[in-house]
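J.: Going line by line, the protein sequences match chains X and B. If you want the working numbering, it's the position in the first sequence, counting the first as 1, plus 24. If you want the working numbering, it's the position in the second sequence, counting the first as 1, plus 24. My questions all concern the structure below.
There are 2 protein chains.
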Amino acid sequence: MREVAALADVSIKTVSRVVNGERTVDADLARRVHEAIGMLGYRRDDSASALRRADRVSSSIGLVFEDVANPFLAYVHRAIENVARARGVLTFAASADERPELERELALAFCARRIDGLIVVPAGTDHSYLARERDAGLALVFVDRPPAFLDADTVLSDNAQATANAVRGMAERGHRRIGFLCDRAELYTAQERLQGYRDALSACRMAEDPALVRANLANPASVDAAVRELFALPEAPTALFTGQNLITTATLHTLRALGIHNSIAIIGFDDFELADLLDPPVSVVAQNVSELGRTAAELLFARIDGDTSPSKRVVVPTTLIERGSGEIAP
Amino acid sequence: MREVAALADVSIKTVSRVVNGERTVDADLARRVHEAIGMLGYRRDDSASALRRADRVSSSIGLVFEDVANPFLAYVHRAIENVARARGVLTFAASADERPELERELALAFCARRIDGLIVVPAGTDHSYLARERDAGLALVFVDRPPAFLDADTVLSDNAQATANAVRGMAERGHRRIGFLCDRAELYTAQERLQGYRDALSACRMAEDPALVRANLANPASVDAAVRELFALPEAPTALFTGQNLITTATLHTLRALGIHNSIAIIGFDDFELADLLDPPVSVVAQNVSELGRTAAELLFARIDGDTSPSKRVVVPTTLIERGSGEIAP
DNA sequence: CTGAAAGCGCTTACAG
DNA sequence: CTGAAAGCGCTTACAG
């Protein structure tokens with residue numbers, strides 16, 4: 025900026041005015057400044073600008089996800105980006121891999137860059153470390169799972185209700201032995217979906233058989249083992265509910281390997297690409313992914329804009345998509 | 025930092041030393057500083073730090089992709105993030121939606137934040153606008169497609185060769201009419217893959233029938249229309265090569281709708297989830313996605329570290345995965 | 001080992 | 001309408 029001022033033979037304050045589009049600059053001076061900017065290829069340093077500005081706004085936000093490559097989260101990312109871009113805000117993204125200490129490290133690294141807001145898909149079980157950042161002005165929203173030991177805006181799907189609805193549907197079709205597979209039991213989403221499963225059994229006056237409930241399936245191999253065990257049972261299930269997209273696809277592989285994919289009913293949580301082209305087409309509880317992302321971003325920007333109302337919890341409805349696999353009779 | 029210094033009753037320079045982990049601070053002073061930091065919840069402002077540092081390193085990079093939600097790019101993103109995180113570098117990501125002016129706007133917005141490096145999947149056809157940024161010290165790498173009117177490191181798959189290899193395989197199985205479907209003809213990847221298709225035909229002494237080549241398929245509807253036209257031809261193809269993952273899945277839907285999915289051979293460029301569970305399992309040319317991302321990130325950090333050697337062009341090999349659909353006989 | 005002064009690139013607050 | 005001075009939060013360069 026100093027060089028531009030020197031070349032245009034004006035003060036740096038005048039260059040600043042031109043760069044910021046202030047109208048109170050003499051046309052001739054403005055022209056000289058623009059020429060100098062063009063000759064030097066000058067571009068304002070936005071971080072230096074933010075440092076000095078009264079509002080200290082960096083026009084950037086941070087995303088701490090489990091994995092930016094997870095298709096569900098990649099869509100959430102995109103939905104957030106759309107809202108941010110409309111406001112001229114740039115987006116940092118990072119993957120915490122379900123590691124609480126990494127989540128914390130990444131979130132605080134973003135804060136050290138003085139982002140305006142942070143959206144977290146929590147891996148950790150204690151988010152009190154963010155309280156000070158929020159007190160310092162950070163806007164904060166949680167998606168997919170709620171925060172722990174911290175009160176903040178949260179956007180969730182109706183996990184329990186949607187699962188109960190899907191499981192009840194299978195029970196009403198006559199299934200009496202319905203298996204339930206989910207990932208790490210300490211995850212909020214796994215707990216809620218398991219609760220929904222139990223609610224449906226109660227509503228249908230069916231007793232829960234612990235042998236049919238398999239949690240902590242953290243990878244495809246453990247899913248495969250669990251499914252094989254279920255179907256080696258004296259009284260094997262006739263239907264399955266899978267609590268997450270990776271578990272659903274792993275289960276589909278095993279059902280195919282066992283040759284029972286056309287006789288066992290299955291509904292999965294999360295929609296996925298090509299579910300409709302499989303044999304049978306796979307019924308799912310579909311989350312409204314873009315709505316989750318859009319809502320989270322809008323809550324965040326409302327806070328950035330100064331909203332100090334009590335924390336909100338927004339529940340985004342899911343949709344049961346019946347494609348065939350969930351409607352197989354016992 | 026000033027408040028910390030006041031509370032610890034030291035100079036801000038001493039606080040700076042402690043925060044930066046310099047060992048030349050008296051243990052007692054360091055302890056007082058640490059206490060003050062804890063009491064105030066102080067965290068250094070990394071952007072202010074970068075502004076003043078001699079090297080002006082921001083420890084952040086920018087990614088301008090077509091769409092962060094595209095599964096192929098989401099994996100590239102993750103592979104880059106892994107390399108960046110190992111160096112303590114944070115990652116901005118943005119989607120340019122194949123819009124050249126948006127690509128430019130986003131890239132320059134990142135530059136205005138003084139990122140250390142930029143990785144671009146180009147949408148535009150003129151990247152000379154980045155020359156000045158690079159002269160100003162920006163490290164620059166292109167992935168998936170090369171830059172235009174700018175010389176810079178580039179990481180590509182072996183598009184033409186892989187396509188030629190796959191198409192030649194179908195020809196050797198006896199197919200004489202092989203259709204080719206790809207997206208916008210001005211895209212480098214579409215051109216290269218079409219070239220590979222033509223190379224294979226030449227190598228097999230087959231004449232190209234323009235009626236079998238369908239480009240500019242920008243959405244599923246246009247793919248569906250194109251496939252239906254191909255199979256309404258007096259001499260319909262007996263095999264297809266689809267030039268991109270979204271085109272492959274759209275084509276699979278139409279083949280299924282036409283009831284010919286078990287009689288038409290098909291190989292798609294790009295692997296995708298569940299390809300092995302479809303009927304028939306889908307053969308693909310799989311890009312080495314994590315290698316593309318990792319290589320791009322490593323080239324970028326080499327430049328950030330001061331590598332001034334001539335621009336490199338790295339070609340990452342692909343893999344033909346034969347699952348069944350590509351091996352169907354005419 | 002410690003700190004006072006200067007300055008990174010910019011904007012604020014104010015005087016002319 | 002224009003600019004000189006001060007300062008955002010930090011590090012550099014230097015003196016003690």
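Virtual Cβ for every residue (Gly too), placed ideally from N, Cα, C. Computed from a predicted model, the values in this text were never measured in an experiment.
What do you get for residue 339 of chain X, buried or exposed, if any count of 16 or more other CB atoms within 10 angstroms of its CB means buried?
T.: It is exposed - the Cβ of residue 339 of chain X has fewer than 16 other Cβ atoms within 10 Å.
J.: From this set, X/133, X/318, X/292 and X/308, which residue's C-alpha is nearest residue 157 of chain X's C-alpha?
T.: When each option's Cα is compared against that of residue 157 of chain X, the closest is X/133.
J.: Tell me which residue opens and which closes the alpha helix (DSSP H) that residue 172 of chain X is part of.
T.: Premise fails: residue 172 of chain X is in no alpha helix (DSSP H) and is neither H nor E.
J.: Which of helix, strand or coil does DSSP assign to residue 113 of chain X?
T.: Residue state, collapsed to three classes: coil.
J.: Which of helix, strand or coil does DSSP assign to residue 96 of chain B?
T.: Here residue 96 of chain B sits in helix by DSSP.
J.: In chain X, what lies closer than 9 Å to residue 95 of chain B by C-beta?
T.: What residue 95 of chain B touches in chain X: 93, 95, 98 and 297.
J.: Enumerate in chain order the residues of its own chain whose CB-to-CB distance from residue 208 of chain X is below 7 Å, with the five nearest sequence positions on each side excluded.
T.: Within the same chain, residue 208 of chain X has close Cβ partners 214, 240 and 242.
J.: Closer than 7 Å, Cβ to Cβ, to anything on chain X: give me those residues from the segment 155 to 181 of chain B, in chain order.
T.: Result list: 156.
J.: Using a cut-off of 7 Å between C-beta atoms, extract the partners of residue 101 of chain B located in chain X.
T.: Residues of chain X passing the Cβ test: 92 and 93.
J.: Report the neighbours of residue 135 of chain B on chain X: residues whose CB is nearer than 7 Å to its CB, in chain order.
T.: In chain order: 67.
J.: Quick check: the segment 53 to 61 of chain B against the segment 59 to 67 of chain X, are there 3 or more CB pairs under 8 Å?
T.: Taking 8 Å as the limit for Cβ pairs, the verdict is that the segment 59 to 67 of chain X does not touch the segment 53 to 61 of chain B.
J.: Are there 16 or more other CB atoms within 10 angstroms of the CB of residue 44 of chain X, so buried, or fewer, so exposed?
T.: It counts as exposed.
J.: Compare the Cα-Cα distances from residue 274 of chain X to each of X/286, X/252, X/74 and X/259 and report the closest residue.
T.: For the residues X/286, X/252, X/74 and X/259, the minimum Cα distance to residue 274 of chain X belongs to X/252.
J.: Can you give the Cα-Cα distance for residue 82 of chain X and residue 129 of chain X, rounded to whole angstroms?
T.: Going from the Cα of residue 82 of chain X to the Cα of residue 129 of chain X covers about 20 Å.
J.: Comparing alpha-carbon positions, which option in B/197, B/220 and B/88 lies nearest residue 135 of chain B?
T.: If we check each option's Cα against that of residue 135 of chain B, B/88 comes out closest.
J.: What did DSSP end up calling residue 255 of chain B once you bin it into helix, strand or coil?
T.: Residue 255 of chain B: coil per DSSP, three-state reduction.
J.: Under a three-way DSSP split, which group does residue 316 of chain B fall into?
T.: Correct three-state label for residue 316 of chain B: helix.
J.: With 7 Å as the threshold, decide whether the Cβ of residue 138 of chain X is near any Cβ in chain B.
T.: Closer than 7 Å to some Cβ of chain B, the Cβ of residue 138 of chain X qualifies, so yes.
J.: Beta-carbon within less than 7 Å of residue 123 of chain B's beta-carbon, same chain only, minus the 5 sequence neighbours each way: which residues are those?
T.: The answer, listed in chain order, is 147.
J.: Quick one: Cα of residue 143 of chain B to Cα of residue 181 of chain B, how far?
T.: Going by the C-alpha atoms only, they are around 16 Å apart.
J.: Comparing the C-beta of residue 117 of chain X with each C-beta of chain B, is any distance below 7 Å?
T.: Answer yes: the Cβ-Cβ gap between residue 117 of chain X and chain B drops below 7 Å somewhere.
J.: Compile a chain-ordered list of the residues in the segment 273 to 285 of chain X whose CB is closer than 7 Å to at least one CB of chain B.
T.: For the segment 273 to 285 of chain X, which is checked against every Cβ of chain B, the residues closer than 7 Å are 273, 276, 277 and 280.
J.: With DSSP as the reference, identify every bridge partner of residue 355 of chain B, one or two as the case may be.
T.: The requested residue 355 of chain B is not part of the displayed model; chain B covers only 25 to 354.
J.: For residue 216 of chain B, which residues from the same chain have a beta carbon less than 7 Å from its beta carbon, with the 5 sequence-adjacent residues on both sides left out?
T.: Once the five neighbours on either side are set aside, the close Cβ partners of residue 216 of chain B are 183 and 184.
J.: Could you tell me which of X/115, X/306 and X/167 sits nearest to residue 264 of chain X, measuring between CA atoms?
T.: Nearest option by C-alpha distance: X/306.
J.: When you compare the CB positions of residue 163 of chain B and residue 318 of chain B, do they come within less than 7 Å of one another, or not?
T.: No, these two residues do not count as a Cβ contact at 7 Å.
J.: Considering residue 275 of chain X, what are the terminal residues of the alpha helix (DSSP H) in which it resides?
T.: Segment 269 to 282, the alpha helix (DSSP H) holding residue 275 of chain X.
J.: Given that residue 132 of chain X touches chain B, what residues does it touch there, using C-beta distances under 9 Å?
T.: Residues of chain B passing the Cβ test: 67.
J.: Determine the direct distance from the alpha carbon of residue 281 of chain X to that of residue 250 of chain X, and round the result to whole angstroms.
T.: Each residue's Cα considered, the two are about 14 Å apart.
J.: Ends of the beta strand (DSSP E) at residue 264 of chain B?
T.: That run of the beta strand (DSSP E) goes 263 to 266.
J.: So that I know if they touch, is there some Cβ in chain X lying closer than 7 Å to that of residue 150 of chain B?
T.: It does not; no Cβ of chain X falls within 7 Å.
J.: Measure the CB-CB distance between residue 4 of chain X and residue 188 of chain X and report whether it falls below 7 Å.
T.: Outside the modelled stretch of chain X, which goes from 25 to 354, sits residue 4 of chain X, for which no answer is possible.
J.: Tell me, please, whether the CB atom of residue 254 of chain X is closer than 7 Å to any CB atom in chain B?
T.: False, the Cβ-Cβ gap to chain B never drops below 7 Å.
J.: Short of 8 Å Cβ to Cβ, which residues in the segment 69 to 80 of chain X face chain B?
T.: If the cut-off is 8 Å between Cβ atoms, the segment 69 to 80 of chain X has 69, 70, 71, 72, 74 and 75 near chain B.
J.: Starting from the beta carbon of residue 316 of chain X, find every residue of chain B whose beta carbon is closer than 8 Å, and list them in chain order.
T.: Result: empty, since nearest Cβ-Cβ is about 13 Å, beyond 8 Å.
J.: Excluding the 5 residues preceding and the 5 following residue 295 of chain X in the sequence, name in chain order all residues of the same chain whose CB lies nearer than 7 Å to its CB.
T.: 308, 310 and 345.
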